[in-house]
Amino acid sequence: MSTVPEVLVARHCGLRVFGFSLITNKSVLEYGTREKANHAEVLEAGRQAAVKLERLVSVLLERMKGKGLV
Numbered sequence: 001m002s003t004v005p006e007v008l009v010a011r012h013c014g015l016r017v018f019g020f021s022l023i024t025n026k027s028v029l030e031y032g033t034r035e036k037a038n039h040a041e042v043l044e045a046g047r048q049a050a051v052k053l054e055r056l057v058s059v060l061l062e063r064m065k066g067k068g069l070v
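Heads up: the sequence shown runs through residues 1 to 70, numbered per the UniProt record's numbering.
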């Protein structure tokens, strides 16, 4: 789940890009581990971060708008 392919295509099309990513879980890298990936935990982490992310994006857009960047 990378933003890199999307950015490459957007830049190829001449679009300006501003991106950020939210890390919602750690990767399970060891085959023999008892630890399992948990989709419910990923969804919960995203839900908890949603309010903060909404505020962050709103503030960024307002500041960019004030500087004529949007």
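Every residue gets a Cβ at the ideal spot worked out from N, C-alpha and C, and that includes glycine.
Source: prediction; values computed, not measured.
Integer-rounded CB distance, given that residue j should sit under 8 angstroms from residue i
| i | j | result |
| --- | --- | --- |
| ALA37 | ASN25 | 7 angstroms |
Beta-carbon proximity list for residue i, same chain, < 7 angstroms, skipping 5 on both sides
| i | result |
| --- | --- |
| VAL70 | LEU61 and MET64 |
Rounded C-alpha distance that separates residue i from residue j
| i | j | result |
| --- | --- | --- |
| VAL4 | ARG11 | 10 angstroms |
| GLY19 | ARG55 | 15 angstroms |
| GLU7 | VAL17 | Contrary to the premise, residue 7 reads as Val rather than Glu in this sequence. If you take the alpha carbons of VAL7 and VAL17, they lie about 7 angstroms apart. |
| LYS67 | GLY14 | 21 angstroms |
| SER27 | GLU35 | 10 angstroms |
Continuous alpha helix (DSSP H) stretch holding residue i: start and end
| i | result |
| --- | --- |
| ARG63 | 39-66 |
| ARG11 | 4-12 |
Contacts around residue i, its chain only, beta-carbon distance under 8 angstroms, and the 5 residues preceding and following it disregarded
| i | result |
| --- | --- |
| ALA49 | LEU22 and THR24 |
| VAL42 | THR24 and ASN25 |
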